[in-house]
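Working notes, structure below.
Number of protein chains: 2
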Amino acid sequence: MTDETPSFEARLKCDAQAVESLLATLLGPVPLENEIARPAVLLDAMRHGVLNGGKRLRPFLVAESTALLHGDAGAALRVGAALECVHCYSLVHDDLPAMDDDELRRGQPTVHIAFDEATAILAGDSLLTYAFDIIAAPETPLSDRQKTGLVLALARASGHGGMAGGQALDLAAERTAPDEAGIVTLQAMKTGALIRFACEAGAIIADASVDDRRRLRAFGDKIGLAFQLADDLLDLTADAKAMGKATGKDAARGKGTLVALHGQSWAERELERLVAEAEGLLAPYGARSTILAETARFIANRRS
Amino acid sequence: MTDETPSFEARLKCDAQAVESLLATLLGPVPLENEIARPAVLLDAMRHGVLNGGKRLRPFLVAESTALLHGDAGAALRVGAALECVHCYSLVHDDLPAMDDDELRRGQPTVHIAFDEATAILAGDSLLTYAFDIIAAPETPLSDRQKTGLVLALARASGHGGMAGGQALDLAAERTAPDEAGIVTLQAMKTGALIRFACEAGAIIADASVDDRRRLRAFGDKIGLAFQLADDLLDLTADAKAMGKATGKDAARGKGTLVALHGQSWAERELERLVAEAEGLLAPYGARSTILAETARFIANRRS
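Sequence lines, in order, name chains E and U. So that you can map any letter, position 149 of the first sequence is 149 in the UniProt record's numbering, and since no number is skipped, the others follow by simple counting. So that you can map any letter, position 229 of the second sequence is 229 in the UniProt record's numbering, and since no number is skipped, the others follow by simple counting.
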């Protein structure tokens, strides 16, 4: 590209590097104020669970929704890193033998394989805890009101009324197939809640109006649904190599998905509809929202 | 007792009932704002892990250190409930087969026995997350500055530089016996950090001076050490029935304790010394500090 504006992919990659670099610093060996010590093995396990070259899609959404509303980029980066800690903790625990029992993630051994189960449990616990530390720490350039708002929104998105609750529903779904409404709730909690938080966080960081915040939440809802549909399509079609993890597991376990219920071409049309609705929500922001709109399309079309 | 002042035990019991009652409300089935749904089984598991008639010593320390410095009792109750969620999450995860593998806690089946392992992992995760929700929620009558301070202090006390880090050191101690300094660090992290937070929280809730906050932290450190010494003595001497859980396990696993290192009578003298130092730290507060001083003595002398 000779154009001065970097491509969407270039911007995503560049932001991911900034998040990766901040996470590496945050997970350094030196104890912070009021910490007693940082046990090396636990820290290694946390780093293994986090510093894995992920796409950092959630931090990207925080950064871009913050930029849309003229918020502070440094604050967005720290909140994005905190959110990524929550996302990665959920993967570490989800991979455990008692949960999904996965040995591979992004082509690497999962934390309980590379270390052991107990260390993986504690590494997940520590990453979750650290997310709230990162937001509340003096280094995050936000007001206490904004920090409190972010802590509350993140806790709601990731707790028993959000992501963790969604994982509990997912476990139950292996025994009792949920109906369509049940699948929608499960997915809105398990994957939707954190994506919605990522978008809403931008509005909090930018101290935006109630209207903007509501709009960003709605945008997050649409792309959260799109994310899950795309995931279900991938699980059906992609091979394990492209995903860097086991695939086809949902079908093998008889887990209901909307794709299984309505078919692939319905899902593709639904994805188009969700992206169009997401784009519609961004209309008031005009050209400034190009990147977020591209993100919606990227989420719907991703092949890994 | 016909005296108008309730005894220490009566006060401890009364406060525990208030915490139990608040926790039962907080763990009710109705989703809060921005929560999507509360899956019943997960909520049951959380309640099983929390509503177990514990002594609620940590919330009591929050309440009494807050009262000492004339802080808001309602705020202290909510922060105490949040802290109890963190304490109980750590027990739920600590009891897991991959960790201490305990089937009994307070005479009841542990969460992974009453439910299953996956649900116990998620219940622990959800309790930890909910602690930060409870502090940050609008219902907690504190300023955003106080809430941010509490979130940060609690995250530091419970994360990889605090309690979770202490548990990682504890796992390692089963393979490589730590020296005395190692044991002290392990215990300061595993049990000391949350007790210190409980006392410091009172200073934050009461918006106390830096001096008061430092003094309460130091008091928390002393009684945290006393708590662990008393625990080690109990593990050596009590029978399983009095504790409501398996005992003598530390010795069986070859885990080093200061009691094992220096003997029982040294430990009893050391406990006396710690209580005296804790009381000394309360001297500037005069008669107002009677209850906290009694708490220190209770912790040192407890037999269950």
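Ideal Cβ positions, reconstructed from N, Cα and C, are used throughout, including at glycine.
Could you confirm whether any beta carbon from chain U is found closer than 7 Å to the beta carbon of L142 (chain E)?
To locate residue 142 (chain E), count along the first sequence from 1; it is residue 142. So, not an interface residue.
Output the distance between the C-alpha atoms of H112 (chain U) and D95 (chain U), rounded to the nearest integer angstrom.
Within the second sequence, numbered from 1, the residue matching residue 112 (chain U) stands at position 112. Within the second sequence, numbered from 1, the residue matching residue 95 (chain U) stands at position 95. Whole-angstrom Cα-Cα distance: 8 Å.
Beta carbon of V19 (chain U) nearer than 7 Å to that of R56 (chain U):
Locating residue 19 (chain U) in the second sequence gives position 19, counting from the first residue. Locating residue 56 (chain U) in the second sequence gives position 56, counting from the first residue. Result yes, Cβ atoms of V19 (chain U) and R56 (chain U) sit closer than 7 Å.
Is the CB of Q228 (chain E) under 7 Å away from at least one CB in chain U?
Counting from 1 along the first sequence, the entry for residue 228 (chain E) is found at position 228. With 7 Å as the cut-off, Q228 (chain E) does not count as an interface residue toward chain U.
Delimiting residues of the alpha helix (DSSP H) encompassing L225 (chain U)
One-based indexing of the second sequence puts residue 225 (chain U) at position 225. First-last of the alpha helix (DSSP H) with L225 (chain U): 210-237.
Do three or more CB pairs link the region 144-155 of chain U to the region 177-196 of chain E at distances below 8 Å?
no
L42 (chain U) versus M189 (chain U): straight-line alpha-carbon distance, rounded:
Against the second sequence, residue 42 (chain U) aligns to sequence position 42. Against the second sequence, residue 189 (chain U) aligns to sequence position 189. Straight-line Cα distance between these residues: approximately 29 Å.
Consider the Cβ of F132 (chain E): report whether some Cβ of chain U lies at a distance smaller than 7 Å.
Here residue 132 (chain E) is taken as the residue at index 132 of the first sequence, counted from 1. At least one chain U Cβ lies under 7 Å of F132 (chain E).
Which residues in chain E have a C-beta closer than 8 Å to the C-beta of I121 (chain U)? List them in chain order.
Here residue 121 (chain U) corresponds to residue number 121 of the second sequence, with the count starting at 1. Ordered by position in chain E, the residues that pass the 8 Å Cβ test against I121 (chain U) are H93, L96, A98, M99, I121.
Counting only beta-carbon separations shorter than 7 Å, does Q167 (chain E) have a partner in chain U?
One-based indexing of the first sequence puts residue 167 (chain E) at position 167. Cβ-Cβ to chain U under 7 Å: yes for Q167 (chain E).
So which residues on chain U does S265 (chain E) lean against when the C-beta distance must stay under 9 Å?
Residue mapping note: residue 265 (chain E) aligns to position 265 of the first sequence, counting from 1. What S265 (chain E) touches in chain U: nothing, since even the nearest Cβ is about 29 Å away.
Measuring alpha carbon to alpha carbon, tell me which residue in U:A75, U:R156, U:C85 is nearest G54 (chain U).
On the second sequence, residue 54 (chain U) is found 54 positions in, with the first residue counted as 1. When only C-alpha atoms are compared, the closest one is U:C85.
Would you say the beta carbon of L26 (chain U) comes nearer than 6 Å to a heavy atom of the ligand FAD?
Judged by which ligands are present, the structure shown has none, so any question about the ligand FAD falls away.
Are the C-beta atoms of G159 (chain U) and some chain E residue less than 7 Å apart?
Counting from 1 along the second sequence, the entry for residue 159 (chain U) is found at position 159. Chain E contact via Cβ: present.
Please list, in chain order, the chain U residues whose beta carbon lies closer than 7 Å to that of P31 (chain E).
Within the first sequence, residue 31 (chain E) is the residue found at index 31, counting from 1. Per Cβ cutoff of 7 Å: G161.
At a CB-CB cut-off below 9 Å, which residues of chain U make contact with E279 (chain E)?
Your numbering for residue 279 (chain E) matches position 279 in the first sequence. Neighbours of E279 (chain E) on chain U: none; closest Cβ ~24 Å, over 9 Å.
So, is T25 (chain E) buried or exposed, given that buried needs 16 or more other C-beta atoms within 10 angstroms?
To locate residue 25 (chain E), count along the first sequence from 1; it is residue 25. Exposed is the call here.
Which first and last residues belong to the alpha helix (DSSP H) in which K147 (chain E) is found?
As a position in the first sequence, residue 147 (chain E) is number 147, starting the count at 1. Where K147 (chain E) is concerned, the enclosing alpha helix (DSSP H) stretches over 144-158.
Mind pulling the chain A residues with CB within less than 9 Å of V151 (chain E)?
This model lacks chain A altogether; the protein chains it does include are E and U.
Beta-carbon neighbours of A201 (chain U), restricted to chain E and to distances below 9 Å:
Indexing the second sequence from 1 puts residue 201 (chain U) at position 201. Those within 9 Å of A201 (chain U) in chain E number zero; the least Cβ separation is about 13 Å.
Environment of E200 (chain U) [buried if 16+ CB atoms lie within 10 Å]:
Along the second sequence, one-based indexing puts residue 200 (chain U) at 200. Buried, because 16 or more other Cβ atoms sit within 10 Å of the Cβ of E200 (chain U).
In chain order, what are the residue ranges of uninterrupted beta strand (DSSP E) at least 3 long that sit wholly in the region 88-136 of chain E?
none
Can you pull the chain U residues whose beta carbon is under 7 Å from the beta carbon of D125 (chain E), in chain order?
Along the first sequence, read from residue 1 onward, the residue named residue 125 (chain E) stands at position 125. The contacting residues are H93, L128, A164.
Using a C-beta to C-beta distance shorter than 9 Å, which residues of chain U count as neighbours of P59 (chain E)?
As a first step, residue 59 (chain E) is located in the first sequence; it is residue number 59 there, counting from the start. Residues of chain U passing the Cβ test: none, with the nearest at roughly 19 Å.
Give the secondary structure of N34 (chain E) by DSSP, where H, G and I count as helix, E and B as strand, and everything else as coil.
Residue mapping note: residue 34 (chain E) aligns to position 34 of the first sequence, counting from 1. Coil.
Contacting positions in the region 33-66 of chain U - beta carbon closer than 8 Å to chain E
E33, N34, E35, I36, A37, R38, P39, V41, L42, L43, M46
Ranges of the alpha helix (DSSP H) found wholly within the region 5-55 of chain U, counting only runs of at least 4
8-26, 40-50
Taking 7 Å as the cut-off, decide whether the C-beta atoms of G74 (chain U) and P6 (chain U) are in contact.
Taking the second sequence and counting its residues from 1, the one referred to as residue 74 (chain U) is at position 74. Taking the second sequence and counting its residues from 1, the one referred to as residue 6 (chain U) is at position 6. Contact flag unset, no.
Using a Cβ-Cβ cutoff of less than 6 Å, which residues in the same chain neighbour E279 (chain U) once the five nearest sequence positions on both sides are dropped?
If you number the second sequence from 1, residue 279 (chain U) lands on position 279. Counting only Cβ-Cβ distances below 6 Å, and skipping sequence neighbours, we find A293.
Using beta-carbon positions only, say whether A114 (chain U) and L122 (chain E) come within less than 7 Å of one another.
Taking the first residue of the second sequence as position 1, residue 114 (chain U) is located at position 114. Taking the first residue of the first sequence as position 1, residue 122 (chain E) is located at position 122. Contact flag unset, no.
Kindly list the residues whose CB is nearer than 7 Å to the CB of Y285 (chain U), restricted to its own chain and excluding five residues on each side of it in sequence; keep chain order.
Indexing the second sequence from 1 puts residue 285 (chain U) at position 285. Once the five neighbours on either side are set aside, the close Cβ partners of Y285 (chain U) are L68.
Below 7 Å between beta carbons is the criterion; list the residues of the region 166-197 of chain U that meet it against any residue of chain E, in chain order.
Q167, A168, L169, L171, A172, T185, A188, M189, A193
DSSP three-state assignment for T191 (chain E), whether helix, strand or coil:
Counting from 1 along the first sequence, the entry for residue 191 (chain E) is found at position 191. Of the three classes helix, strand and coil, the one that applies to T191 (chain E) here is helix, per DSSP.
Report the three-state DSSP secondary structure of E174 (chain U) (helix, strand or coil).
Residue 174 (chain U) sits at position 174 when you count from the first residue of the second sequence. Reduced to three states, the DSSP call for E174 (chain U) is coil.
Helix, strand or coil for E270 (chain E), going by three-state DSSP, please let me know.
The residue given as residue 270 (chain E) occupies position 270 in the first sequence. Here E270 (chain E) sits in helix by DSSP.
Would you check if there are 3 or more beta carbon pairs closer than 8 Å linking the region 36-51 of chain E to the region 268-283 of chain E?
no
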